[in-house]
Amino acid sequence: MPQVYRTIQNSFSGGEFSTIMDARQDLQKYGTGLAVMKNFYIKPQGAAVNRPGTYFIAEVKDSSKPVKLLPFVFSESISYSLEFGDHYVRFYRNGGQIVNSDGTPYEISTPYSADEVFALKTTQSADVLYIAHPNHKPMTLSRTSDTSWTIAEFSFKLGPFAPMDTSDTTITPSGTTGNITLTASAGIFTADHIGSLIQLESFVPAQATYASMTASGSTGTVWGQGTWLLTTHGTWAGRIYVEKTTDGSTYTALRNFSANSEYNVDTSGTENDGIVGIRVRLEFTSGTCNIDLQFEPFTNYGIAKITGYTDSMHVSASVQQNMMVTTATTYWYWGAWNDVRGYPAAVVFFQNRLVFGYTKTEPQTTWSSQTGDYKNYGVSYVSADSDAITTSLVSEKVNAIRSLKALSKILAFTAGGYWVIGSGGDSDAFTPSNEMASAEGMFGAADINPLIIGNRILFVGSKGNVVRDAGYDIQSEAYIADDITLYSTHLFDSRSIKDWAYAQDPDSIVWAIRDDGVLLSMTYIKEQQVCAWARHTTDGLFESVCVIPGSDKDYVYVVVNRTINGVTKRYVEMFADRTTDATEATNARGETYAKYDPADQFFVDCGLSYNGTAKTEFSGLSYLEGKTVSILADGNVQPQQTVVNGKITLTHSASKIAVGLPYTCDIETLNADFQAQIGTIQGMKKTIKKIILRVDNSRGLLVGGDFNNMYELKMRSTENYGNAIALYTGDLSFNIPTGSNIYGRVCIRVKDPLPCNLLAVISEVALDG
5 MPQVYRTIQN
15 SFSGGEFSTI
25 MDARQDLQKY
35 GTGLAVMKNF
45 YIKPQGAAVN
55 RPGTYFIAEV
65 KDSSKPVKLL
75 PFVFSESISY
85 SLEFGDHYVR
95 FYRNGGQIVN
105 SDGTPYEIST
115 PYSADEVFAL
125 KTTQSADVLY
135 IAHPNHKPMT
145 LSRTSDTSWT
155 IAEFSFKLGP
165 FAPMDTSDTT
175 ITPSGTTGNI
185 TLTASAGIFT
195 ADHIGSLIQL
205 ESFVPAQATY
215 ASMTASGSTG
225 TVWGQGTWLL
235 TTHGTWAGRI
245 YVEKTTDGST
255 YTALRNFSAN
265 SEYNVDTSGT
275 ENDGIVGIRV
285 RLEFTSGTCN
295 IDLQFEPFTN
305 YGIAKITGYT
315 DSMHVSASVQ
325 QNMMVTTATT
335 YWYWGAWNDV
345 RGYPAAVVFF
355 QNRLVFGYTK
365 TEPQTTWSSQ
375 TGDYKNYGVS
385 YVSADSDAIT
395 TSLVSEKVNA
405 IRSLKALSKI
415 LAFTAGGYWV
425 IGSGGDSDAF
435 TPSNEMASAE
445 GMFGAADINP
455 LIIGNRILFV
465 GSKGNVVRDA
475 GYDIQSEAYI
485 ADDITLYSTH
495 LFDSRSIKDW
505 AYAQDPDSIV
515 WAIRDDGVLL
525 SMTYIKEQQV
535 CAWARHTTDG
545 LFESVCVIPG
555 SDKDYVYVVV
565 NRTINGVTKR
575 YVEMFADRTT
585 DATEATNARG
595 ETYAKYDPAD
605 QFFVDCGLSY
615 NGTAKTEFSG
625 LSYLEGKTVS
635 ILADGNVQPQ
645 QTVVNGKITL
655 THSASKIAVG
665 LPYTCDIETL
675 NADFQAQIGT
685 IQGMKKTIKK
695 IILRVDNSRG
705 LLVGGDFNNM
715 YELKMRSTEN
725 YGNAIALYTG
735 DLSFNIPTGS
745 NIYGRVCIRV
755 KDPLPCNLLA
765 VISEVALDG
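Numbering (the working numbering), first residue to last: 5 to 773.
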C-alpha cells in the first residue's frame with residue numbers, strides 16, 4: 005500500500021513562478037509560490053484572493069485613440085483621475101465623471117496629442133500640477149473647483165541657460181531696457197527662437213554721477229551692481245540719504261549721514277541681487293555739497309526674451325534683466341528650453357526647488373529652480389545658497405535622463421544607469437556650492453515614471469521587462485537596485501511594461517500593464533519579504549492605470565480597450581471594493597469572525613450594480629450591447645445572458661443586482677515537494693488522495709488535478725432552496741480523482757461572480773513509485 009504524506013501550503017506570498025524555477029525546491033520561497041495565478045492576487049498576510057470586478061464609469065472621448073490616466077491629488081478627500089487624450093483632459097472623482105450643468109463631460113484643451121500622452125511626466129504642489137513633455141513647453145494644470153481647471157504655459161524666468169556659445173558670432177542689443185532689437189554678426193536666428201530667452205555677457209565700465217548741490221534735492225540715479233562708492237567734498241551742513249531703487253520710481257533708504265560744516269562722507273556698499281539704481285538725496289541746510297557717486301566696473305548678464313523674428317541676423321526682444329550697455333559681445337548664451345533646443349522631459353520637487361531634467365540638446369542635465377521660487381531659474385551676481393542650480397551628469401556615454409524621483413536625494417534614471425543628485429558636503433542642503441552628481445548603478449531605466457514605496461523607488465529596466473527596487477544600502481553607502489522579477493520572468497519575456505501605478509492601501513499592490521494588454525499585480529512589502537507577481541485578464545485589453553487615495557483606501561482606475569459589437573470602445577473603469585460591510589458571526593469553536601453578505605459582492609468587469617426595489621429588468625447596459633454578462637442577484641448566481649437593446653431580464657426578481665462581463669480566476673500550485681524516506685519525490689509518480697482548502701468568506705470554487713478536470717464544491721448547507729448560499733469560512737475537505745502523475749498539483753478555479761479567499765491548501769499525497 006503506497007505511503008501517504010500530508011502537505012500544507014499556508015502562504016502564497018511568492019506569487020506566480022516561472023517554469024524555469026520548477027527545479028528550485030531548495031529555495032525557501034518555492035514553498036510559497038504558484039504555477040498559475042490568474043485574476044488572483046496576494047494579500048500581505050499571504051492569502052490568495054480573486055481580484056474584484058470593475059465598475060463602468062464612462063467611455064473616453066474618442067475610442068479610436070489611446071488615453072492616459074494621471075492622478076491629481078490635493079488631499080485624500082480631494083483627488084481626481086485625469087483622462088489625458090488627444091488634445092484634451094477630462095476629470096473623474098469619487099467613481100464618477102465630472103460633468104457640466106447640462107450633463108456633458110467637463111473638459112479642457114491641452115497641447116498633447118494622443119501619441120504624446122504616455123510620455124507625460126508630472127509632479128504636484130497643492131492645487132497645481134506641473135507637466136513635462138520633451139515636445140512642449142512645461143505646463144501647469146491648476147484646479148479651482150470640480151468644474152474649473154486651467155492649463156497654462158509654465159512662465160519660467162531669468163533662466164535657465166545653455167553653456168556659452170563658442171563661435172565668434174557677436175550679438176549687439178539696440179537698447180538696455182524695454183523692447184529692443186538684437187543684431188547678430190552671422191545668421192543664427194530662426195523663427196523657432198520666438199519665445200526663447202537669451203543672455204548677453206558684457207563688461208560694464210564704471211557708472212558715475214557728480215553733483216554740486218546748494219539746495220535740497222537728489223543726484224541722478226546710477227545703475228549697476230556690485231560695489232558702489234560715495235564721497236562728498238566741500239563745506240556744508242545738512243543730511244544726505246543713500247537710496248536704492250529697482251524700478252526707477254520707488255526708492256528706499258540704505259544709509260544716511262549728517263554734517264555740520266566739518267564732515268564729509270566716504271562710504272561704500274555692495275548690491276548683488278541684480279541691477280539696481282543708487283542715488284543721493286540731500287536735505288540742505290547751508291554751504292556747498294559736492295557729491296561723487298559710482299558703481300565700480302562689473303560683468304553684466306543681460307537677459308531678453310525673443311518676441312519676433314525679422315531675419316536670421318535680427319530679432320526683436322523684450323528685456324527681462326538690464327543689458328546695461330549696447331556694445332557687441334561674443335559672450336552669449338541661448339536659453340536652455342525653447343523650440344530649437346527642446347524642452348524638459350522629467351520633473352520633480354526637491355528641497356523646495358522645482359527640478360526639470362533632459363532636453364534633446366542637453367539630455368544629461370537637470371535644472372533646479374531657486375529655493376521657494378519655482379519659476380525663477382536665475383543666479384545672483386555673487387552666488388547665493390538659494391540660487392538656481394544646473395547639474396550635468398558627466399559620463400562616458402550619453403544616456404538621456406528619462407525620469408526624476410526624490411527622497412533624501414534626487415535619483416535621475418537614465419537609459420544607461422541611475423544617478424544620485426544632491427548635496428556633496430557635510431550639509432544636507434542642496435546649494436550651488438555643494439551640489440553633487442554621482443553614478444550609482446549601470447542599470448538603465450525605461451521611459452516610465454518610477455514609483456515610490458516607502459523609502460524605496462521601483463523602476464522599470466530600459467527594455468521594459470525587468471523591475472528593480474532601488475534603495476540606500478548602509479553597508480555599501482550607495483543606492484542598490486535589486487531585480488524583483490527574477491522568479492517570475494515568464495510574465496515579462498518578450499513583453500514590456502507600458503504603464504503602472506501603486507496602491508498602498510489596503511494591500512500594497514503595484515498594478516502594471518504590459519504592452520499586450522495584460523494587467524500584472526505585485527504585492528510588495530519588502531520588510532516582510534513579500535514580492536508576489538500575478539496576472540489579470542479581462543474581455544479586452546488593459547491600456548492605462550492610475551491610483552488616487554480615498555479616506556479609507558486607494559482607488560484603482562483603468563482604461564480598458566473592449567470590442568463591443570465589432571467596434572473598439574475604450575472605457576474608464578474603477579476596481580470595486582473587495583471588502584464589503586460585514587456582520588459578526590461565531591464558528592463551531594465559538595470564535596467570532598467577520599461574515600460577508602453574498603448579495604454585496606461585485607466580481608464582474610465593466611459592470612453596474614443596483615440596490616433598490618426588487619425588479620426583473622436591468623437596463624442601462626447599452627455600452628455592453630451584444631455581450632454575454634454574468635449576473636449576481638440577491639447573492640444568487642443567475643444564468644448568463646446576452647445584452648439586447650441595452651438590457652437583460654432576470655429569471656427571478658431581485659433587489660441587489662450586479663451585472664457585468666465574466667472573468668475566470670485560476671490558481672495552480674507548484675509541483676508537490678517534501679522529503680520522503682527514499683529522498684526527494686521529484687520525478688516520482690504520485691496521487692492526490694484528498695484535498696483540504698482553508699478558505700475565508702468564499703463560494704463557487706472548482707477544484708481538480710488539472711484545469712481540464714474540475715469538480716464543483718457543493719456548499720449549500722442549511723439554506724433553503726432559492727435563498728443565497730452563505731459565504732463559507734473554514735476547511736473544505738473532499739476527495740478528487742486526480743490520477744497518478746509526477747506533478748501532484750492542485751488547481752482551483754472560480755468562474756461565477758463570487759469571492760474566493762484561499763488561506764491554505766492541504767493535500768494527502770500517495771507516492772506511486
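C-beta atoms are modelled at their ideal positions from N, C-alpha and C, and glycine is treated no differently.
Item, Value
"Extent of the continuous beta strand (DSSP E) to which K660 belongs", "I652 to L665"
"Candidates D604, V562, E629 and S525, of which the one nearest G570 by Cα", "E629"
"CA-to-CA distance, R566 to C550, given in whole angstroms", "18 Å"
"The segment 651–660 in contact with the segment 733–747 per 3-pair CB rule at 8 Å", "no"
"Between the CA atoms of N380 and W371 - distance to the nearest angstrom", "11 Å"
"Cβ contact (3+ pairs, closer than 8 Å) linking the segment 343–363 and the segment 129–139", "yes"
"Beta-carbon gap between P602 and G544 smaller than 7 Å", "no"
"Minimum C-alpha distance to P209 - residue among N98, S189, G228 and I198", "G228"
"Test item: CB-CB of T334 and R345 under 7 Å", "no"
"V351 burial status per 10 Å Cβ neighbour count (16 or more: buried)", "buried"
"Close beta carbons around G468, own chain, < 6 Å, minus the five adjacent residues each side", "A450, S500 and I501"
"Beta carbon of G650 nearer than 7 Å to that of I746", "no"
"F434, buried or exposed, once every other Cβ within 10 Å from all chains shown has been counted against 16", "buried"
"Anticipated Cβ contact below 8 Å, L411 with I461, distance rounded", "7 Å"
"With 16 other Cβ atoms within 10 Å as the buried cut-off, status of R574", "buried"
"Alpha-carbon spacing of I2 relative to E481, whole angstroms", "The structure shown does not extend to residue 2, since the chain is modelled only from 5 to 773, so the question has no answer here."
"Spatial distance of A419 from E366 (CA atoms)", "14 Å"
"Beta-carbon proximity list for S189, same chain, < 6 Å, skipping 5 on both sides", "T173 and T174"
"Sheet register partners of S525 (DSSP bridge)", "W515 and A538"
"T236 and V226 closer than 7 Å at C-beta", "no"
"Backbone CA spacing between L258 and Y245 [nearest angstrom]", "7 Å"
"Complete runs of the beta strand (DSSP E) confined to the segment 173–210 [at least 3 residues]", "175–177, 183–188 and 201–208"
"Alpha-carbon spacing of S384 relative to S152, whole angstroms", "38 Å"
"Simplified DSSP assignment, three categories, for H91", "coil"
"Test item: CB-CB of F781 and V560 under 7 Å", "Beyond the ends of the chain as shown, which are 5 and 773, falls residue 781; an answer cannot be given."
"E400, buried or exposed, once every other Cβ within 10 Å from all chains shown has been counted against 16", "exposed"
"7 Å Cβ cutoff met for V471 and I457", "no"
"Enclosing beta strand (DSSP E) for V633 [first to last residue]", "T632 to A637"
"Sheet register partners of G281 (DSSP bridge)", "W227 and T249"
"Beta strand (DSSP E) segment containing N761, residue limits", "N761 to L771"
"With 16 other Cβ atoms within 10 Å as the buried cut-off, status of D670", "buried"
"Selection from M143, S149 and T170 that minimises the alpha carbon distance to F158", "M143"
"Buried/exposed call for Y347, threshold 16 Cβ in 10 Å", "buried"
"T655 and Q642 closer than 7 Å at C-beta", "yes"
"DSSP beta-bridge partners of N739", "Answer by DSSP bridge pairing: none, since N739 is not bridged."
"Extent of the continuous beta strand (DSSP E) to which L74 belongs", "K72 to V77"
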